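Each remark here refers to the structure printed beneath this line.
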Amino acid sequence: MTPRTAHTPLSVEEGQVLLIDKPLNWTSFDVVRRVRFTLNGKKVGHAGTLDPKATGLLIVCTGKKTKSFDEYAGLEKEYTGTFRLGIQTPSFDLETAVTDSRDSASVSLEHLAGAAQQFVGKQLQVPPMYSAAKHKGKPLYAIARKGKTVERQAKEIEIAEFEILSFTPPDVGFRVVCSKGTYIRSLVHDVGTRLGCGAVLTSLRRTRIGPYSVHDAITMEQLDHALSGTNSDR
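With the numbering used here applied, the sequence shown covers 2 to 235.
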């Protein structure tokens with residue numbers, strides 16, 4: 002099955018697999034809703050959520066191709082991003098206020114690289130409270146926004162690669178290749194805990210899902226143009 006990229010024609014007769022570069026501040030459902038509206042309510046869904054503050058590759062399926070969700074959802078993911086040392090927040094990113102600050106001046110590039118390598122391999126990860134994971138039918142973020150926490154079940158994930166790309170204290174650039182279900186915010190939080198100074202995610206971009214690269218994805222502007230061309234008789 003060949004997903005629709007910026008270089009292939011769009012056809013929605015039998016459904017389509019779209020590679021979309023999700024912009025900042027859009028939810029994954031915002032993208033789905035835009036596609037569904039343009040296609041007059043045809044069946045549309047995505048294979049793998051991206052947080053609103055994350056950008057990058059989102060696979061969207063339409064029509065009969067929505068049966069292919071599992072084929073894409075289980076593929077490994079690659080991300081690049083940045084995190085900041087010395088602070089902690091309830092959401093593990095900058096979406097909530099800083100609740101703790103610690104000195105990170107003693108952390109070196111060698112310390113960072115060593116800590117990152119300790120997380121390579123299979124491990125159990127607890128979903129963050131600020132996530133869409135469910136507890137008794139309710140998303141955890143809805144519980145967290147009320148100032149509450151609940152016990153969460155750890156799930157097995159695998160980090161195949163964890164590379165430190167840059168270090169301009171207190172900011173760190175990184176690349177991660179991981180399994181389905183990995184929370185990068187939690188990974189960053191755990192690295193900060195391991196280093197003893199705390200850390201929060203400051204930016205995130207999904208660059209690959211299995212063999213599919215964000216370099217082959219279309220922007221929302223390109224998507225609007227392509228879809229309007231297929232639905233000009235609306």
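Ideal Cβ placement from N, Cα and C applies to all residues, glycine included.
As the structure is a prediction and not an experimental result, all values here were calculated from the model.
Residue burial classification, residue i (beta-carbon count within 10 angstroms, cutoff 16)
i	result
A114	exposed
Y80	buried
R85	buried
P129	buried
D94	buried
V192	buried
S233	Here S233 scores only 46 on pLDDT, less than 50, and its place in the model should not be relied on; the value that follows carries that caveat. Exposed: under 16 other Cβ atoms inside 10 Å.
T194	exposed
Candidates the options, of which the one nearest residue i by Cα
i	options	result
G122	V215, L188, R146 and E15	L188
F163	F120, H226, S214 and N26	F120
E222	F30, T28, R35 and V18	R35
S180	L202, K156 and G199	K156
H47	V178, A116 and S29	S29
L202	T56, T83, G148 and D191	T83
H190	T90, V18 and I21	T90
K68	I165, V18 and Y213	V18
I158	K147, G42 and T183	T183
H136	T208, T150, G16 and L125	T150
D225	I21, T50 and G16	I21
Per-residue DSSP class, three states only, for residue i
i	result
Y73	helix
G46	strand
L51	coil
S105	coil
L40	coil
T28	coil
T183	coil
T56	strand
T90	coil
L224	helix
Terminal residues of the alpha helix (DSSP H) in which residue i lies
i	result
D94	Looking at the DSSP string, D94 is not in any alpha helix (DSSP H), and its letter there is neither H nor E.
L110	L110 to Q118
Residue range of the beta strand (DSSP E) that includes residue i
i	result
E79	K78 to L86
L19	V18 to K23
Contact test: residue i Cβ vs the ligand ADP heavy atom, cutoff 7 angstroms
i	result
L59	As for the ligand ADP, it is missing from this structure, which has no ligand bound.
Those runs of the alpha helix (DSSP H) which lie wholly inside the region 120 to 172 and span at least 4 residues: The qualifying runs are 141 to 145.
Any beta strand (DSSP E) of 3 or more consecutive residues that is wholly inside the region 190 to 220: Secondary structure in the region 190 to 220: the beta strand (DSSP E) runs of 3 residues or longer, each lying completely within the stretch, are 200 to 210 in chain order.
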